[in-house]
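Residue numbers (this note's numbering), protein chains in the order written: chain Y, 1 to 368; chain W, 1001 to 1503.
Take a look at the structure set out below.
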């Protein structure tokens, strides 16, 4: 009761509680529902969950791969977050990251002999500019003509995937290679795997510097949105465009800016993939990162810190799913999809929980 | 007779109704007055079954009754007309009236008998409503009469009217009062929720005054006056008239020549308007809402695309036509918008963040690292100053603007706009939905700003406000200036005629 009072009376605490409580409820509820499903197919939920989460926490492989899988999800989660904060729904991170990955690979192949000091910045620039450009297109269309960004980003996803496949198939594939992939980028474009610096951490695990960049991006996005005038303008536009306009903010500019920043963040997935993992462009590499990013941003309550936590959870599930597939009788790794789906369902159903919990809170307050 | 006995109602930790007793005698017009949040609407919504009370009972004609839903209330002969009409625009009057109580069998709708019944009711109360007219063709006043008919059609004996005159012109208010008196003659009981004291004195037989969820006064209208009612409502003496010295008028700050503004459909909303506003004076614009005042102010503030405007807007000799809202603000034009939720505030942002809207991109707010980063200390200082000087309550800059009452939200906006030391202030409906106590404060602030030499253009639908504050008064009708009067000598009737007829 004392604890309850503390939580109710301190506004900062209630705010934090609210921010943490509902995603937490969503996750726990999803695991309960998932557990019932596992029982129904005839396996033990405890065994399945131990496989799922236990494997993600083992050192070094479990943790290494979880962080590796989390890297693209942090980037796309941030991309979707920046859009959301401006009132935009960027469903196009998937297309943006494909364009960026190919662009960075193209630079890495074409200028393979440059020194790393030039090549890596060029590769970064290629990824960021192409991703930002691809995302700015629907931004401009919305700002100028009012056409809805959801439709346009979805459409541009198809175009991006087809365009990049075309280039790989007809221009950049190694002749005779049955796999849809380009030749290797120059060694100067490689970014280091963490095994290089972390003692006891094997270099075969593809976790690389891009993960650190992902954490840095979380900090940068936070500073950008909450500490700069541009971030203020983007958030004001997302919160109430009429009031933003009244305050002398150009709505159109904010829409284009937010989309471009969003695309630039999505493009970092290409850096992780091409410069840090496969060292070539591999067609169809994205495991729906752009779309899972939407779920990550939602579960992370559109806050950079939340995005890290949500990305880690989804990455752990993704990694653990492989073990569930291999070691359990009936349950397959599809359980991961099911869990993610239920989590999103519960996050979306937040209003219901708010009502339920709000009622409990107010009743306690009455008695107090 | 309708009696609310010891009704208590809580929302979370807000005590909306605290053990209140209200007695409404049959065949009377009973006014319930109080500031926003005093609990008057809550009490009446309990009587109409929208809410159920936590404790207490409701007696209809001396019998204790359970009213759990509006359905129960209607069955007991209680009807309610809401502030915002609940009518389907594209349907006819008759269709709207029978909606939810359709006559005829399950399959066939018998509109003809309903039409006859509506016509008869309309004649009985002299409402002059044609049952076959679509709602969208009706004026606001006529729509309100349809709402009354809706209640009468369901055999209401007790009518609860929530802020019924808020949307009416002075002339329509007169007609509306005639209808209410006729209802009283026919034996109906009318409860009117309002905060306009002049109307309470004009129409009611008895008054119940509420403050902070409690009933603080029960008086016969003939035994009271505006000053006493205001004191009961606010809990202290209130200055109802604005005291202001003579204007010390300077040079013309704003000159408007032949300004026309069209809306998105191409219809002319402001039509060939010319006038000027000089420093040190308040120019008022009176008019029925929707006669182009909104578009005029937005055009001056830079919130309307230049393609939709013709004519000239000159501010200190500079043509504003293609200048953005930001540049106009930099020139010294501040704007208190009519709709604070839509235009004036970022409701989910904190008071601190709201206090910098419009100056957020320049020093002293954006001062760090070449003006890119916001200076949190400067923001907090600015917010603290506004909160203190303009008495914003609760004085907590970290609260979201949503958490404030309407009056305090308005004080925050006014403080923010004053803080830039404007040369021209555009003000729309400065006291809409604001409590009497705060109204007095806001009026004094406007006059003080005028006396400091600011040019003020004031738009208000409240005739008393605009006449008492303005030094010159323009009357708007159908996008044109129908006339200019001296607010010190013009009568309300004179202004009212210009507002409604345009000449």
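Glycine included, every Cβ here is placed at the ideal spot set by N, Cα and C.
Computed from a predicted model, the values in this text were never measured in an experiment.
If you reduce the DSSP assignment to three classes, tell me which class residue i lands in.
i	result
residue 1085(W)	coil
residue 1080(W)	strand
residue 1190(W)	strand
residue 1130(W)	coil
residue 1226(W)	helix
residue 1166(W)	coil
residue 89(Y)	coil
residue 1056(W)	strand
residue 175(Y)	coil
residue 154(Y)	helix
residue 113(Y)	coil
residue 6(Y)	The predicted model places residue 6(Y) with a pLDDT of 44, which falls under 50 and marks its position as unreliable; any figure quoted below should be read in that light. Reduced to three states, the DSSP call for residue 6(Y) is helix.
residue 1065(W)	strand
residue 1178(W)	helix
residue 1242(W)	coil
residue 288(Y)	coil
residue 1350(W)	strand
residue 420(Y)	Only positions 1 to 368 of chain Y appear in this structure, which leaves residue 420(Y) out of reach.
residue 1233(W)	helix
Starting from residue i and walking both ways along the alpha helix (DSSP H), at which residues does that stretch end?
i	result
residue 1026(W)	Here residue 1026(W) belongs to no alpha helix (DSSP H), and DSSP marks it neither H nor E.
residue 78(Y)	61-85
residue 95(Y)	93-110
residue 340(Y)	334-348
residue 1338(W)	It is not in any alpha helix (DSSP H) - residue 1338(W) carries neither H nor E in the DSSP assignment.
residue 197(Y)	Segment: none, residue 197(Y) is in no alpha helix (DSSP H) and carries neither H nor E.
residue 325(Y)	304-327
residue 268(Y)	251-270
residue 1249(W)	Counting along the chain, residue 1249(W) falls outside any alpha helix (DSSP H), and DSSP gives it neither H nor E.
residue 241(Y)	241-246
residue 1265(W)	From DSSP, residue 1265(W) is part of no alpha helix (DSSP H); its letter is neither H nor E.
residue 1360(W)	Element bounds for residue 1360(W): n/a, residue is neither H nor E.
residue 169(Y)	From DSSP, residue 169(Y) is part of no alpha helix (DSSP H); its letter is neither H nor E.
Could you check if residue i is buried or exposed, using at least 16 other CB atoms within 10 Å of its CB as the buried criterion?
i	result
residue 1491(W)	exposed
residue 1208(W)	buried
residue 1030(W)	buried
residue 1137(W)	exposed
residue 283(Y)	buried
residue 71(Y)	buried
residue 1123(W)	exposed
residue 334(Y)	exposed
residue 145(Y)	exposed
residue 1086(W)	exposed
residue 151(Y)	exposed
residue 1131(W)	buried
residue 1178(W)	exposed
residue 108(Y)	buried
residue 1020(W)	buried
Identify the residues that DSSP records as bridge partners of residue i: which are they?
i	result
residue 1315(W)	1254(W), 1318(W)
residue 1455(W)	1424(W)
residue 1494(W)	Looking at the DSSP assignment, residue 1494(W) forms no beta bridge with any residue, so it has no partner.
residue 1284(W)	1458(W), 1473(W)
residue 1484(W)	1474(W)
residue 1017(W)	1009(W)
residue 181(Y)	282(Y)
residue 1032(W)	1193(W), 1208(W)
residue 1373(W)	228(Y), 1368(W)
residue 1002(W)	1024(W), 1060(W)
residue 1092(W)	1134(W)
residue 1304(W)	Bridge partners of residue 1304(W): none, in fact.
residue 1400(W)	1350(W)
In the DSSP assignment, find the beta strand (DSSP E) that holds residue i and state where it starts and stops.
i	result
residue 1268(W)	1268-1278
residue 1220(W)	1214-1220
residue 1208(W)	1206-1211
Any C-beta of chain W within less than 9 Å: which residues of the region 240-255 of chain Y qualify? Going along the region 240-255 of chain Y in chain order, one finds 240, 242, 243, 244, 245, 246, 247, 248, 249, 250 with a Cβ nearer than 9 Å to chain W.
Counting only Cβ-Cβ distances shorter than 9 Å, please list the residues of the region 208-240 of chain Y near chain W, keeping chain order. Flagged, chain order: 223, 226, 227, 228, 229, 230, 231, 232, 233, 235, 236, 239, 240.
For the region 1357-1381 of chain W, which residues have a beta carbon sitting closer than 7 Å to at least one beta carbon of chain Y? If the cut-off is 7 Å between Cβ atoms, the region 1357-1381 of chain W has 1357, 1358, 1360, 1361, 1366, 1372, 1373, 1374 near chain Y.
Interfacial residues, the region 1227-1247 of chain W to chain Y, with Cβ spacing under 8 Å: If the cut-off is 8 Å between Cβ atoms, the region 1227-1247 of chain W has nothing near chain Y.
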